[in-house]
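Per our numbering, the very first residue in the sequence shown carries number 405; after that it's consecutive. The beta carbon of each residue, even a glycine, is placed where N, CA and C say it ideally should be. Predicted model, so just to flag it, every value in this text is computed and none were measured. In what follows, a structure is listed as structure tokens, so that the remarks can point back to it.
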Amino acid sequence: MNQAAEKIYFNPWDPTFRANPYPHYRPLLAGGPRIIDMGFKFALVARHADVRAVLTDHGSFSNVQPAGFAFDLQAKALGDAPSMLGSDPPTQTRLRRLVSRDFTPRRIRELEPRIREIAKNLIDAAERKGEFEVMADLATPLPVMVISELLGVPPDEYRQFKSWSDKIVEALNTVPGAPMPEDISNAFNQLIEYFAGQIERRRKNPGTDLVSALVAAHDEAEALSAGELMQFLMLLLLAGNETTTNLIGNGMLALGRNPDAMAALRSRPELIGGAIDEMLRYDGPVQATFRTAKKDVEIGGTPISAGTGVFVIVAAANRDPAQFKDPEKFDITREPNEHIAFGEGVHYCIGSTLARLEGSIAINAALERFPNLRLKNPDAAVNYKDSYFLRGLSHLEMAVK
Ligand code: HEM
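Structure below.
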């Protein structure tokens, strides 16, 4: 195939591109990584095998944010403490080991009854209204209420918490190198101050929540420094909320557009595990992640030189025809389904169990409660929030009667 003849368009800052990036992935999937020039040189990595090759090679590809990128400022505000997602082994290994002791599958499973209760209460409220706007009524509040529970944040403070987190997520949309807008840096500072207060409270008065456990975390001579602990709390909030919100929203949209799949899931709720995997594959909340080449390296036949920024497009890989039969088809019984919506390698999503649990409970609860659930305006265009990396709807009206 003559790669040069293929027309490539990739611009995460273009709202039209963001509204539907999938057609733009097709030419990228026809060959190895392409190098484009957007002021800086970037490599676009799309094929499933190439994406896996990059994500599993942390010796060649770094997760450290280049100077001037969105979360640089956050690191500065925290005395340059590293975050797990923004560091490489061995620093990342150490941070992940320290938090994994307390962020355990058991702690997540213990949350299940509470997640059910939160989902039930939210759906009760929608039922009373007689209207169901999936994002505001269920997908947005649920994950932040669950994280608040996990962190031991009083439930009535979650709205404030969420508004800071939404603001900070906007930093991902800023053009690299551009100054951080003041409202975003204010939100950073307020959230840092808030967490500092929470940490102090737990030091004096430990409870059974995750923050208390992390405050006490120690690893022989090692402990999480104050800045590292703060980085992890911010990461949980930022990596764990918007993503799960968008899993529920994008998943409900896919079901609404595929009524047969919705009917099958309603009659056999036990299909939810496979359905969630297909939602993650078909229209995942994370479109792409980012790496910087540490040395000259070749991926899928394309030389990538040291210093090049790499867009690792997991959502494109999840539609790769070399990996998935009928990749454009939404099939909740797809088997096997080796999507990489949660990444791969050392940075593989630490919250995948929690995200699956929340998504399964929320979606099955909505289907069970509303037997006539369907898209309110099936032919209308849907609107997405302003982020390419984190793909999610701003609204999704569904009819319930
Ligand atoms: C459907 C929801 C979610 C999706 C699609 C998702 C996706 C991802 C992906 C793709 C990565 C790897 C990024 C990279 O390699 O650059 C990642 C890492 C991470 N995720 Fe998630 N995530 C989700 C939910 C969550 C939740 C609920 C939490 C926590 C409460 C969480 C916490 C994290 C953390 C801490 C990392 C960094 C791990 C490390 O660097 O070692 N995520 N996630």
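Residue environment analysis places Y562 among the buried positions, since at least 16 neighbouring C-beta atoms fall within 10 angstroms of its C-beta. DSSP places F694 in the strand class (E or B) of the three-state scheme. A453 sits close to G704, with the two beta carbons spaced by under 8 Å.
In this model, V468 and R606 are separated by some 30 Å (Cα to Cα). Looking at the backbone, the Cα of G677 and that of L659 are separated by about 14 Å. The three-state secondary structure of P517, taken from DSSP, is helix.
The alpha-carbon separation between Q727 and E597 amounts to approximately 46 Å.
Shown here for I512: same chain residues with a beta carbon closer than 6 Å to its own, the five before and five after excluded, namely T757 and L758 in chain order. In this structure, L777 sits near A770, with a CB-CB distance shorter than 8 Å. Exposure of H799 is indicated by the presence of fewer than 16 other C-beta atoms within 10 angstroms of its C-beta.
With a cut-off of 7 Å, the C-beta of Q496 is classified as near ligand 1, since at least one heavy atom of the ligand falls inside that distance. The alpha helix (DSSP H) runs of length 4 or more contained entirely in the segment 729-779 are, from start to end of the chain, 756-773. A buried status is given to Q635, since no fewer than 16 other beta-carbon atoms sit within 10 Å of its beta-carbon.
The secondary-structure analysis by DSSP pairs D441 across a beta bridge with K445. In the three-state reduction of the DSSP assignment, Y413 falls in the coil class. For the 8 Å CB-CB criterion, L797 and L657 form a contact.
Our two residues, T612 and A591, have alpha carbons roughly 28 Å apart in a direct line. About 5 Å separates the beta carbon of L448 from that of R438, a gap short enough to meet the 8 Å contact definition. Distance check between A523 and each of M539, T508 and R510 places M539 closest, using alpha-carbon atoms only. In terms of side-chain proximity, the C-beta atom of M656 is found no nearer than 7 Å to any non-hydrogen atom of ligand 1. Taking 7 Å as the cut-off, one finds at least one heavy atom of ligand 1 near enough to the beta carbon of R500.
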